[in-house]
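Chains as they are written, first to last, in my numbering: chain A, 150 to 258; chain B, 150 to 258; chain C, 150 to 258; chain D, 150 to 258. From the three backbone atoms N, C-alpha and C, an ideal C-beta is built for every residue, glycine too. Since we're looking at a predicted model, the values are computed, not measured.
Protein chains: 4
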Amino acid sequence: MAAHTDTAAESCHDHATHGYITAKDDYLKRLRRIEGQARGLQRMVEEEKYCIDILTQVSAMTKALQAVAMGLLEDHISHCVVDAAIAGGPEAEAKIKEATDAIARLVRS
Amino acid sequence: MAAHTDTAAESCHDHATHGYITAKDDYLKRLRRIEGQARGLQRMVEEEKYCIDILTQVSAMTKALQAVAMGLLEDHISHCVVDAAIAGGPEAEAKIKEATDAIARLVRS
Amino acid sequence: MAAHTDTAAESCHDHATHGYITAKDDYLKRLRRIEGQARGLQRMVEEEKYCIDILTQVSAMTKALQAVAMGLLEDHISHCVVDAAIAGGPEAEAKIKEATDAIARLVRS
Amino acid sequence: MAAHTDTAAESCHDHATHGYITAKDDYLKRLRRIEGQARGLQRMVEEEKYCIDILTQVSAMTKALQAVAMGLLEDHISHCVVDAAIAGGPEAEAKIKEATDAIARLVRS
Numbered sequence: 150m151a152a153h154t155d156t157a158a159e160s161c162h163d164h165a166t167h168g169y170i171t172a173k174d175d176y177l178k179r180l181r182r183i184e185g186q187a188r189g190l191q192r193m194v195e196e197e198k199y200c201i202d203i204l205t206q207v208s209a210m211t212k213a214l215q216a217v218a219m220g221l222l223e224d225h226i227s228h229c230v231v232d233a234a235i236a237g238g239p240e241a242e243a244k245i246k247e248a249t250d251a252i253a254r255l256v257r258s
Numbered sequence: 150m151a152a153h154t155d156t157a158a159e160s161c162h163d164h165a166t167h168g169y170i171t172a173k174d175d176y177l178k179r180l181r182r183i184e185g186q187a188r189g190l191q192r193m194v195e196e197e198k199y200c201i202d203i204l205t206q207v208s209a210m211t212k213a214l215q216a217v218a219m220g221l222l223e224d225h226i227s228h229c230v231v232d233a234a235i236a237g238g239p240e241a242e243a244k245i246k247e248a249t250d251a252i253a254r255l256v257r258s
Numbered sequence: 150m151a152a153h154t155d156t157a158a159e160s161c162h163d164h165a166t167h168g169y170i171t172a173k174d175d176y177l178k179r180l181r182r183i184e185g186q187a188r189g190l191q192r193m194v195e196e197e198k199y200c201i202d203i204l205t206q207v208s209a210m211t212k213a214l215q216a217v218a219m220g221l222l223e224d225h226i227s228h229c230v231v232d233a234a235i236a237g238g239p240e241a242e243a244k245i246k247e248a249t250d251a252i253a254r255l256v257r258s
Numbered sequence: 150m151a152a153h154t155d156t157a158a159e160s161c162h163d164h165a166t167h168g169y170i171t172a173k174d175d176y177l178k179r180l181r182r183i184e185g186q187a188r189g190l191q192r193m194v195e196e197e198k199y200c201i202d203i204l205t206q207v208s209a210m211t212k213a214l215q216a217v218a219m220g221l222l223e224d225h226i227s228h229c230v231v232d233a234a235i236a237g238g239p240e241a242e243a244k245i246k247e248a249t250d251a252i253a254r255l256v257r258s
């Protein structure tokens, strides 16, 4: 985390920023909708709705969350990973390992 | 799902209710925490945090959501499915099919 | 569903057997096809096919495997879990816990 | 990262090949073990083993398969995607899209 100066990591962060600027509002809108789904689930539990209907909503919410993750991952690979790759060196390999570890966590979660 | 009278579905609903009464507060607490995670993700995107850190949070949130689903499913099988099974008939088979369909959606989501 | 002797566990095993008899050939056919997919993947790696095409086959094979799991799970709930539930007692609860643990492993795998 | 001739796609294929050469035997060994797991499952069904034990084996096999997918994906990103990215142009974007689509299929499968 700490104190990068002029590494690929920094250019990564810059680009990630630029990547965000275009899509940030879209991500925020999707995350607000997901927050709404979490509130909707509370309401369903509160009103003791039918379990299967609640589970259907949990599946829909999980799908929405995974779609956000996929978008972020695509942005991340397009910017951070590719920039680190162009810069080359051990940083490049580290970025790719970091990204595939994140993917492995998504596949398992 | 409208107007059951004296079917296994009703006993299911009654039991589901009883099932909820014990654990309802626990589910609500977990869902509020998940709602908080959705807000935390918005803050991370807003502040343009590092992608991989956001993805780690998405994985944690997905896991929390799946744990809620597993709890609900266990309650549902213990009450609705088992009651329908004891009552027997086509209702029993329908309940089991409905539950395994919900599981299949969770496995895929 | 006659002639339980000792425990629900034993009747479970008997019924599971009966459950298998109807669908056993279907499961074996599907598992042989999955075995064939594993051999197909070896051939693709051997011939150095395009990564993405190999990954597509891995996804297809995973889906086929999950479908087998869903079928087995439905059979298991219909027979073992339900029989244990009808017999009642701590065995019933243990069976449900065991089944939901297996589901949790499938959701995560 | 030498000697691209025509397109990034071609260099991708070349590099993928090189990527394979180092790890090919390892992938083949893992896939043979997975094929063995598929045969083991057939034996378990044949001998009518306890459902839950079969499901545990299905989960283990799915995990092994996903681990192969993760390895292939890491190789693919390190070689094809990065090379296409260095070459730049619409090909680069297409490669990233193709990789994230494959990831999305893995997450859902």
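Among the CB atoms of chain D, one or more fall inside 9 Å of the CB of Arg257(A). Proximity of the region 244–257 of chain B to the region 185–199 of chain A falls short of the contact definition, fewer than three beta-carbon pairs being nearer than 8 Å. Among the CB atoms of chain A, one or more fall inside 9 Å of the CB of Asp224(B). In the structure shown, Glu184(D) adopts helical secondary structure according to DSSP, grouped into three states. Note that the C-beta distance between Val194(A) and Leu222(B) is not below 9 Å. Within the region 218–247 of chain D, the residues whose Cβ lies closer than 7 Å to some Cβ of chain C are Ala218, Leu221, Leu222, Asp224, His225, Cys229, Glu247, listed in chain order.
In the structure shown, Lys212(B) adopts helical secondary structure according to DSSP, grouped into three states. Pairing Leu190(B) with Gln206(B), the inter-Cα distance amounts to about 7 Å.
Closest in C-alpha terms to Val217(D), from the list Met219(C), Met210(C), Val217(C), comes Met210(C). Rounded to whole angstroms, the Cβ separation of Ala213(D) and Glu184(C) is 14 Å, and the two are not in contact under 8 Å. With respect to the 9 Å criterion, Ser208(A) and Arg254(B) are classified as neighbours on the basis of their beta carbons. Note on Ala243(C): under 16 other CB atoms within 10 angstroms of its CB, so exposed under the neighbour-count rule.
Counted as a single uninterrupted DSSP element, the alpha helix (DSSP H) harbouring Val256(C) occupies residues 239–257. Taking the Cα positions, Gly238(B) is about 17 Å away from Cys229(C). Less than 9 Å separates the beta-carbon of Ala234(B) from that of Ile235(C). When only Cα atoms are considered, Leu204(C) and Arg179(D) end up about 15 Å apart. For Val231(C), the enclosing alpha helix (DSSP H) begins and ends at 231–236. Listed by position along chain B, the residues whose Cβ is nearer than 8 Å to that of Thr249(A) form an empty set, because the closest Cβ is around 11 Å away. Using a CB distance cut-off of 9 Å, Gln215(A) counts as an interface residue toward chain D. Here the C-alpha atom of Val256(D) lies approximately 34 Å from the C-alpha atom of Glu240(B). The beta carbon of Ile183(A) does not come within 9 Å of any beta carbon belonging to chain D, so the residue lies off that interface. The beta carbon of Ala253(C) falls within 9 Å of a beta carbon belonging to chain B, placing the residue at that interface.
For Arg192(D), the closest C-alpha among the options Ile252(C), Asp174(C), Gln215(C) is that of Asp174(C). For Lys198(D), the three-state secondary structure derived from DSSP is coil. A straight line joining the alpha-carbon of Gly220(C) with that of Ile226(C) spans about 10 Å.
Between the C-alpha atoms of Ile252(A) and Asp232(D) there is a straight-line separation of about 20 Å.
Beyond the five residues adjoining it in sequence on each side, Asp202(A) comes within less than 8 Å, by CB distance, of Met193 in the same chain, given in chain order. Annotation: Ser258(D) to Gln215(A) spans about 13 Å, alpha carbon to alpha carbon.
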